[in-house]
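Visitor: My numbering puts the first residue of the sequence shown at 360, with every later residue one more than the last.
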Amino acid sequence: MRGLILLIFMASVLSGLGQKQLTLQQAVAEQNTTFGPERIKDLQWVEGSDVYSYTKFLAGQDWLMMVNAETGEETEVVALSHLNSYISQTPYTNLRGFPQINWVNPYTFYFFHLRGYWEYNIQKRELSRVAQHADNGTNTDFHKASKHIAYTIGNNLFVSTPQNDALQVTSFGEDTVSGQAIHRYEFGISKGTFWSPDGSHLAFYQKDETEVLDYSRKAYEIAPAPDVEFKYPMAGGASEKARVGIYSLEKGEVIYLENKYEEEDHYWTNLCWFPNGKEVAVAELNRDQNQMDLNVYNIESGKYVRTIIQEGSMAYIEPENPPFFIQGRKDEMLWFSESDGYMHLYHFQTSGELIDQLTFGAFEILEILNYESESGDLILSGTNRSVDRVIYKINIDEKKIENLTPWNGTNIAKVATTGNFYINRYSNITTPAIYKLFDKNGKEIRTLLESKNPLEGYQVGTTEIFQIDGENDFKYWCRMIKPSDFDESKKYPVLIYVYGGPHAQLVRDTWNGNSSLWMQYMAEQGYLIFTLDNRGSAHNGLAFEQMIFGGLGLFEHQDQMIGVDYLKSLSYVDSTKMAVHGWSFGGHMTVQMLLRNPNTFKVGVAGGPVIDWSLYEVMYTERYMDTPEKNPRGYEGTRLQNMANFLNDDLLLIHGTSDDIVVMQHSMLFLNACINQGKQVDFFPYPGHAHNVRGQDRVHLMKKVLNYIEDKIHQ
């Protein structure tokens, strides 16, 4: 047996009287409700104070509560009925539940409700509507100081001010999109608008998709079924042409940042404002994604000013964080970079001069949680082991790093804006959730909540996470779920659940090992459920991640088969009864594992599978594969339709008919190849569903997947 079991979780060791059986319906539909760990609802720190707030159900309704961190004194602030007593005096519909709030200062919070923002003053106990936008506005972005709202209608951008709620910023046709996320949400991009510090200017993304491929799907819910067209930039083809606009509210005009590159389809990422509000920084990549420049532009003219940082790679560069400007240090900033092999923080002058590398080591820094300007202390989220999440503290001048959570597991912290306290939500395989309050030095103040085991009273088995030896001295993290009546002297069938793609990390030291609850259900049907995070997956260093470059799925497949060899070495594994299931990249891996290893598995179920990388989107595919023109062997060697003749095992393909991420053409190509090769394969479409089957149909999906596996395993 390879490796050493590191952690073993006994969710319930006994299967005696009184133990209830978890149903598949419960496991799928109630994982995050009935069977989710108890949490402190809407927990957040009040701006500029050592007080935190949360909501709870009290005396028949939701209440907003405030707690003094130092004393623990708790105060009832406002009830839902009180907010609704104000709203009922307006033309607007009452709130159904307590809204998600944001604090402006220690006395005022705001929330979004029905096309606008409302502000409540806890001293005056008054609610007022402070901003609104047009009825059909979406993608709202509220600037709390100026009360300005950016929003979109269709593909165009609008701004609402206290004087005018419908200032039109852009007026382009259907092929140009303004104020929305670009580059298909890659590079950490999640929105398309960015307010200047004082709210006087609005930076926004814009993309011209005129040359992008028009793709279509059938809308089967309408009779007769029409074609619904959308833009889909495929690898090697025409991509969107992006740019950044700056809208001045005073002038009512838009200027665009100049393009200093020859490529019109290069990438604009990680846009942010300088604290002075006079410049913006943008991380720009060439289309090959192997050269990155962090550039500065003047917002009045749009002219290029300077390049602060340049990074290059033989494989790819993937910036996902904007620079962090250091409060109280006018010309200094922090930058996330993997240039030494792990994601770390670098201290720069905004002129581009490197002051120092701030963090070092075989771990990663993931997020800046707080900076306290008086002391120079940073609170950071990062990894210890790759499966952990810990909280670090480091002084920006002394550069001495301290792990404030020196235990294994997952720690998610919320830090007071004063920097004096933080609340940590801790979990590991044995622990659903514990909320504790700490001071800034990591001293525990008090426990706020200790969640009970939501599976208590149910018959569930054991979950283990461990490492096995892999290629090139790498080690792979694995997860195994065993039934509650596991007997090492017996033989068990195995279901391998796989994803395997970049950015993913399936195995974590968190509640239930980060597994889905249907896996616990399936284990109780007499299966071992196994997962391995192969090369290419996240948080194991750049060498581990970039090994896959040029041949997506190939090294990943080799690693998954190392996992299969490990399983075969276990005396209690029935190697004649092995199944594999995955979705998206995991669907690709499922099909590939069956084709490259005929007769190893009895059955596979592949959902939304990528079959041919040349049919997948530009931004993702070209990062890891280059273009089909530059890397023809890589694309040819990973076209699964070319290997259909090797299919000897039962395979079910599942695809949403409205999938605009992995278009259904992938499954159609593979089905056609199987027909041409005389290979039998099963197929199940989900009408109207996009890339994932969600909602009430999710239960139907998992029954389809698991029943198919059960039927074929026991044939």
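For glycine and all other residues, C-beta sits at the position ideal for the given N, C-alpha and C. Values in this document were obtained by computation on a predicted structure and should not be read as measured data.
1. I'd like to know whether the C-beta atoms of Asp868 and Gly768 end up nearer to each other than 8 Å.
2. Who pairs with Cys631 in a beta bridge, going by DSSP?
3. Hey, which unbroken runs of the beta strand (DSSP E) at 3 residues or more fall wholly within the segment 390 to 437?
4. Which residue's Cα is closest to the Cα of Ser710: Lys1063, Ile667 and Arg576?
5. Return the residue from the list Val1058, Asn1007 and Tyr1067 that minimises the CA-CA distance to Lys1038.
6. Could you name each continuous beta strand (DSSP E) segment of 3 residues or more that falls completely within the segment 635 to 711, going from the start of the chain to the end?
7. What number of angstroms, rounded off, separates the C-alpha of Asp1070 from the C-alpha of Lys936?
8. In angstroms with no decimal places, state the Cα-to-Cα distance between Lys773 and Tyr413.
9. Tell me whether the beta-carbon of Leu974 lies closer than 8 Å to the beta-carbon of Gln1024.
10. Taking three-plus beta-carbon pairs below 8 Å as touching, is the segment 835 to 849 in contact with the segment 816 to 823?
11. Mind checking whether Met952 and Gly945 have CB atoms under 8 Å apart?
12. Could you check the C-alpha separation between Glu915 and Phe501 for me, to the nearest Å?
13. Excluding the 5 residues flanking Glu580 on each side, which residues of the same chain have their C-beta closer than 6 Å to its C-beta?
14. Count the other CB atoms, across all protein chains shown, that sit within 10 Å of the CB of Ala902; report buried if there are 16 or more and exposed otherwise.
15. For Tyr411, which of Ala418, Pro465, Gln378 and Phe394 has the nearest alpha-carbon?
16. Pick helix, strand or coil for Leu376, following the three-state DSSP scheme.
17. On the criterion of 16 or more Cβ atoms from any shown chain inside 10 Å, does Ala370 qualify as buried, or is it exposed?
18. Mind pulling the beta strand (DSSP E) runs of 3 or more residues that sit fully within the segment 551 to 597?
19. First and last residue of the beta strand (DSSP E) that includes Pro991?
20. CA-CA distance, Leu814 and Glu883?
21. Quick check: the Cα distance between Gln686 and Gln403, rounded to an integer number of angstroms?
22. Pull up the distance between the alpha-carbon of Leu1065 and that of Asn1031, whole angstroms please.
23. Taking just the CA atoms, how far does Arg474 sit from Val853?
24. Could you give the first and the last residue of the continuous beta strand (DSSP E) run that contains Asn464?
25. Within 10 angstroms of the Cβ of Phe1035, are there 16 or more other Cβ atoms? Answer buried if so, exposed if not.
26. Name the DSSP bridge partner or partners of Met1085?
27. Compute the Euclidean distance between the alpha carbons of Glu691 and Asn515, then round it to the nearest angstrom.
28. Could you say which of Glu397, Pro592 and Asn762 lies nearest to Tyr794 if we only look at CA atoms?
29. Can you grab the Cα-Cα spacing for the pair Leu616 / Ala1003, in whole Å?
30. With C-beta atoms as the reference, is Thr337 less than 8 Å away from Gly407?
31. Whose C-beta lies closer than 7 Å to the C-beta of Met1061 among residues of the same chain, with five residues either side of it excluded?
32. For the alpha helix (DSSP H) containing Thr764, name the first residue and the last one.
33. Tyr975 by DSSP, collapsed to three states: which one?
34. Looking at Gly872: is its Cβ nearer than 8 Å to the Cβ of Ile788?
35. With respect to the beta strand (DSSP E) encompassing Arg488, which residues constitute its N-terminal and C-terminal limits?
36. Report the CB separation of Glu433 from Met424 in whole angstroms; it is logged as a contact under 8 Å.
Guide: On the basis of the supplied data:
1. Going by C-beta atoms, Asp868 is nearer than 8 Å to Gly768.
2. Ala640.
3. You should have 410 to 417 and 420 to 427.
4. Ranked by Cα distance from Ser710, the first of Lys1063, Ile667 and Arg576 is Ile667.
5. Of Val1058, Asn1007 and Tyr1067, the residue nearest in Cα terms is Asn1007.
6. Those beta strand (DSSP E) runs which fall completely within the segment 635 to 711 and span 3+ residues are 638 to 644, 650 to 657, 663 to 671, 691 to 696 and 703 to 708.
7. When rounded, the separation of the alpha-carbon atoms in Asp1070 and Lys936 is 11 Å.
8. Going from the Cα of Lys773 to the Cα of Tyr413 covers about 13 Å.
9. Cβ atoms of Leu974 and Gln1024: closer than 8 Å.
10. The segment 835 to 849 is in contact with the segment 816 to 823.
11. A distance of 8 Å or more separates the beta carbons of Met952 and Gly945.
12. Glu915 and Phe501 have their C-alpha atoms roughly 43 Å apart.
13. Same-chain partners within the cutoff: Gly1047.
14. Under this definition Ala902 is an exposed residue.
15. The candidate whose alpha carbon is nearest that of Tyr411 is Pro465.
16. Any answer about Leu376 is weak, because its pLDDT of 49 lies below 50 and its placement is not dependable; what the coordinates show is given next. Looking at Leu376 - three-state DSSP - the assignment turns out to be coil, as it is neither helix nor strand.
17. Bear in mind that a pLDDT of 36 at Ala370, under 50, signals an unreliable position, so the number given afterwards is only what the model happens to contain. Per the 10 Å Cβ criterion, buried.
18. Correct list: 552 to 554, 560 to 567, 573 to 577 and 586 to 590.
19. DSSP places Pro991 in no beta strand (DSSP E) but in the uninterrupted alpha helix (DSSP H) bounded by Pro991 to Glu995.
20. CA-CA distance, Leu814 to Glu883, rounds to 14 Å.
21. The alpha-carbon atoms of Gln686 and Gln403 are separated by roughly 22 Å.
22. If you take the alpha carbons of Leu1065 and Asn1031, they lie about 25 Å apart.
23. Looking at the two C-alpha atoms, the distance is approximately 51 Å.
24. Annotation: the continuous beta strand (DSSP E) that includes Asn464 extends over Asn461 to Asn464.
25. First, the residue type needs correcting, since residue 1035 is Asn and not Phe in the sequence shown. Flag for Asn1035 reads exposed.
26. Within the shown structure, residues of the chain are numbered from 360 to 1074, placing residue 1085 beyond reach of any answer.
27. Glu691 and Asn515 have their C-alpha atoms roughly 36 Å apart.
28. Nearest Cα to Tyr794 within the set Glu397, Pro592 and Asn762: Glu397.
29. Using only the alpha carbons, I get a separation of about 49 Å.
30. No answer is possible for residue 337: the residues shown for the chain start at 360 and end at 1074.
31. Correct list, in chain order: Leu383, Val387 and Trp877.
32. First-last for Thr764: undefined, no H or E at that position.
33. DSSP, reduced to helix, strand and coil, places Tyr975 outside both helices and strands of the structure shown, so it counts as coil.
34. Yes; because the gap between Cβ atoms is below 8 Å, this pair is in contact.
35. Its beta strand (DSSP E) spans residues Glu485 to Gln491.
36. Contact check for Glu433 and Met424: beta-carbon distance about 6 Å, within the 8 Å limit, so the pair qualifies.
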